[in-house]
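Taking it in order: structure first as structure tokens, then the write-up.
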Amino acid sequence: MNRKIITALLLTSGLALAGCASKPKELPPQPSGATTTTTTPPPPVSQPTGPVPGSQADFLASVLGDTILFDTDRYNIDSEDQGILQSQAQWLGRYPGKRVTIEGHCDERGTRDYNLALGERRANAAKNYLVSLGIDASRITTVSYGKERPVALGSDEASWAKNRRAVTITVQ
Amino acid sequence: MKPAFAAFLTSLALAALAVPVSAQQAAPAKPDPAPTASASAAAPADDGLTGSVTDDSAWQDLGIAIPTFPTNAMVPTAADGGNTEALGRNLARVIYGDLKNNGLFKPVGPDALPAISYGEVAAPAFPNWRARSAEMLVQGFVKAGADGRLTVGCYLYDVALGSELARQGYVVKPEEWRRAAHKCADMVYSRLSGESPFFDSKIAYIAETGPKDHRRKQLAIMDSDGANHRFITNGQATALTPRYSPDYSKIAYLSFLNGTPRIYVYDIGTGQQRLVTEGKGPTFAPRWSPDGKYILYSMAIAGNTDIYRVPATGGESVRLTDTPGINVGGSYSPDGSKIVFESDRSGSQQIYVMNADGTNQKRISFFGGRSATPEWSPRGDQIAFTHIAGNLRIAVMNPSGGEMRYLTDSWQDEAPTWSPNGRIVQFFRTAKTSGKTSIWQVDLTGRNERRLNTPVDASDPAWGPVLP
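Those protein sequences? They're chains Z and H, same order as listed.
Taking my numbering, I'd label the letters of the first sequence as residues 4 to 175.
Taking my numbering, I'd label the letters of the second sequence as residues 6 to 473.
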């Protein structure tokens, strides 16, 4: 499972980042089966002064956010989303060899099949905006998790708002 | 006594029931005697006992006594119980469970009844049963053949009339003993309700474990009463939305096996699976045609989702919908001529009907809120769906979108699937906050709702047809 490895990397690099970046960024949800608690950060030897240029940690430190949020049943990119995606596009412009995956997600208050389709539509909306900013479409893949991977676990409006999202993850 | 018995056994009509339940038992079916008589053959001309289950108030208190099925000789068997005598009690218990759980009858099982002798099976002691206020009586026997196969006889008697209403016999392999009990329960249910049978059928579903943000989802199967439970996938990749092929040989389901959601067709006999299509986009919402020849799937291309049809054996896909937005799901009418599906082309999820070739697409849901996951009843007269207006609830309507009514009222009920006879709707319920899921079923009156026993949390039920 490549994803597991990637997520494990994200977790550890995210943890290391928390020490030097201004604020910790939201981490993508983990695939089932990945172990969560990493109390031991990676050896500091490999972490000089900042994140490795072009790394996921560097991406998270450089962009306004890796996540954009959507209203119920919507997939439009609003002005706040545009700002976040523009910062992602700038980073992608700096590292033309890098590729990203955009994950589309939904809240729990919908039916499963439709949410898979809606997550795909949200991920594509984010992708299309990045492409409109000049990023080559071949550098962006999308995947929908529907309502399968919530980040906020409550059954309330605040949690659902956080779960209706598209998350950009660099492919390392 | 003995000679009379021999005569009785030869007169017993043996329904052919030797089809392997699962394809991994490759043993060829022994050619059993053709079904020469069915329930109707022995039924007296009496129409006082038929009627629709929707008009069931009169049925609520119908007492049915089901004593242990005696055996001619207690011999070891591989079936549950270890010997034919213990098996006879287990058979009666399964029949009792089937009849009790559909809410129409008030059966009394073998654990609360005196034993009967082998000779009584075909000659009930009616006065004794009248004294117990039993209105109906289900008796039967079990005997083991030299090859280990079991013969199970099943009789339904009207105690008040003192007459036999129906009888059937089944020959099964020991590991299929429950099927004989389900067939017997089906005979009783059909004769007393006038409806088609449904107990001898199976359900595919998703078994869920773990916390809300790390849900482990495995493909699993079980009999209609929850027995013979088996996990098909190990849960390493999230599995969703299974659908049995009509002949139970395959299951189409969604898996995140290689990171993206794709439909796989899993062959139960071989354990092999293949992608439903080599198409580029993610695929979801698999559905079989009633004849098993085609699979519908939904595929997203550049954020736009449409419904496609592909031969079940593979081959060229045909796109059936072609509007901007999300077109998803699909459920064939029983005759295969139409498909009911879901689309948000109007701005929100609504239900549409089209011809099986994709022509003449028409919206049928106008209830306010959103309408999703339509499933056509095997009887053809109803469409079950999920209505979303705040809460998610299971509802039914007729195929033109009229006579909508709710069957459930909970925080989140979704994804209805029909019993083979179109009288019961199964669905899954999600608990607020915890996200825990469970499978429930409700009859068309909406009154008899119950939770199914599953080893772990459960969602996405898909009920298959009655086994051959």
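No residue lacks a Cβ here, since even glycine has one placed at the ideal position from N, Cα and C.
Length at least 3, wholly inside the stretch 396-439 of chain H: the beta strand (DSSP E) runs in chain order:
396-402, 418-423, 429-435
If you check the beta carbons only, do Ala120(Z) and Ile268(H) fall under 8 Å apart?
no
Give the straight-line distance between the Cα atoms of Lys426(H) and Leu67(H), rounded to the nearest whole angstrom.
Note that residue 426(H) corresponds to Asn in the displayed sequence, not to Lys. Near 21 Å, if we compare the C-alpha coordinates of Leu67(H) and Asn426(H).
Is the Cβ-Cβ distance between Pro247(H) and Asp465(H) less than 8 Å?
yes
For the putative contact between Tyr302(H) and Val281(H), defined by C-beta atoms under 8 Å, what is the C-beta separation to the nearest angstrom?
About 5 Å separates the CB atoms of Tyr302(H) and Val281(H); that is less than 8 Å, so the two are in contact.
Would Pro339(H) and Phe390(H) qualify as a contact pair, given that the criterion is a beta-carbon distance under 8 Å?
No; because the gap between Cβ atoms is not below 8 Å, this pair is not in contact.
Under 8 Å, with one C-beta from each stretch per pair, do the stretch 183-190 of chain H and the stretch 150-165 of chain H reach the 3-pair mark?
yes
Residues of chain Z with CB under 7 Å from Lys217(H), in chain order?
Neighbours of Lys217(H) on chain Z, chain order: Pro153, Leu156.
Flag Gly380(H) as yes if its beta-carbon sits less than 8 Å from any beta-carbon of chain Z, otherwise no.
This sequence places Glu at residue 380(H); Gly is not what is there. Glu380(H) does not count as touching chain Z.
Sub-8 Å separation of Thr513(H) and Gly407(H) beta-carbons
Summary: the structure shown does not reach residue 513(H), with chain H confined to residues 6 through 473, and so no result is reported for it.
Can you find the residues in the same chain that come closer than 6 Å, C-beta to C-beta, to Ala169(Z), ignoring five residues on each side of it along the sequence?
Cβ neighbours of Ala169(Z) beyond the five flanking positions: Ile71, Ile105, Gly107, Arg125, Ala126, Ala129.
Any idea if Lys285(H) is buried or exposed, counting beta-carbon neighbours within 10 angstroms, 16 or more meaning buried?
exposed
Just to confirm the assignment, what range does the beta strand (DSSP E) spanning Thr70(Z) have?
Where Thr70(Z) is concerned, the enclosing beta strand (DSSP E) stretches over 70-72.
Are there 16 or more other CB atoms within 10 angstroms of the CB of Arg452(H), so buried, or fewer, so exposed?
exposed
Is the shortest distance between the beta-carbon of Pro421(H) and the beta-carbons of chain Z less than 8 Å?
no
For Phe371(H), count the other beta carbons within 10 Å of its own beta carbon; 16 or more makes it buried, fewer makes it exposed. Which is it?
Exposed, by the Cβ-count rule.
Chain H residues whose Cβ lies nearer than 9 Å to that of Ser58(Z)
Chain H residues near Ser58(Z): none, gap ~21 Å exceeds 9 Å.
Mind pulling the chain H residues with CB within less than 8 Å of Asp164(Z)?
According to the sequence as given, residue 164(Z) is Ala; it is not Asp. Those within 8 Å of Ala164(Z) in chain H number zero; the least Cβ separation is about 16 Å.
Have a look at Leu96(H) and Arg183(H) and give me their C-alpha separation to the nearest angstrom.
Spanning the two alpha carbons is a distance of roughly 7 Å.
Neighbour-count burial assignment, Lys255(H), 16 or more Cβ in a 10 Å radius
Lys255(H) should be labelled buried.
Return no unless some Cβ of chain H is closer than 8 Å to the Cβ of Thr171(Z).
Under the 8 Å criterion on CB atoms, Thr171(Z) is classed as non-interfacial with respect to chain H.
How big is the Cα-Cα spacing for Ser138(H) and Leu259(H)?
51 Å
Buried versus exposed call for Val66(Z) [16 or more other C-beta atoms within 10 Å across all chains shown]:
With 16 or more other CB atoms across the displayed protein chains lying within 10 angstroms of its CB, Val66(Z) is buried.
Flag this pair as touching only if the stretch 76-91 of chain Z and the stretch 423-439 of chain H have three or more C-beta atom pairs under 8 Å; answer yes or no.
no
Span of the beta strand (DSSP E) around Arg456(H)
454-456
Can you find the residues in the same chain that come closer than 7 Å, C-beta to C-beta, to Trp134(H), ignoring five residues on each side of it along the sequence?
So the qualifying residues of the chain are Ala70, Leu142, Val164.
CB-CB under 6 Å to Tyr411(H), same chain, minus the five flanking residues each way: which ones, in chain order?
For Tyr411(H), the CB contacts under 6 Å within the same chain, skipping 5 residues up- and downstream, are Arg398, Ala400 in chain order.
Own chain, CB closer than 7 Å to Phe110(H), minus 5 neighbours either side, in chain order:
Only Trp64, Leu67, Ile69, Leu104 meet the Cβ criterion.
Can a CB atom of chain Z be found closer than 8 Å to the CB of Asp462(H)?
It does not: the Cβ of Asp462(H) has no partner Cβ on chain Z nearer than 8 Å.
Any beta carbon from chain H within less than 8 Å of Thr70(Z)'s own beta carbon?
It does not; no Cβ of chain H falls within 8 Å.
So Pro179(H) packs on Gly153(H), CB below 8 Å; how close in whole Å?
6 Å
Looking only at C-alpha atoms, which of Thr318(H), Ile300(H), Thr326(H), Glu321(H) sits nearest to Leu310(H)?
It should be pointed out that residue 310(H) corresponds to Thr in this sequence rather than to Leu. The option with the nearest alpha carbon to Thr310(H) is Thr326(H).
I'd like to check one pair, Leu133(Z) with Gln91(Z): are the Cβ atoms closer than 8 Å?
yes
Closest by CA to Asn263(H), which one among Pro287(H), Gln277(H), Arg220(H)?
Pro287(H)
Going by DSSP in three states, Arg125(Z) sits in which element: helix, strand or coil?
Assignment of Arg125(Z) by DSSP, reduced to helix, strand and coil, places it in the helix class.
To the nearest whole angstrom, what separates the beta carbons of Thr73(H) and Ala120(H), a pair I think is in contact under 8 Å?
5 Å
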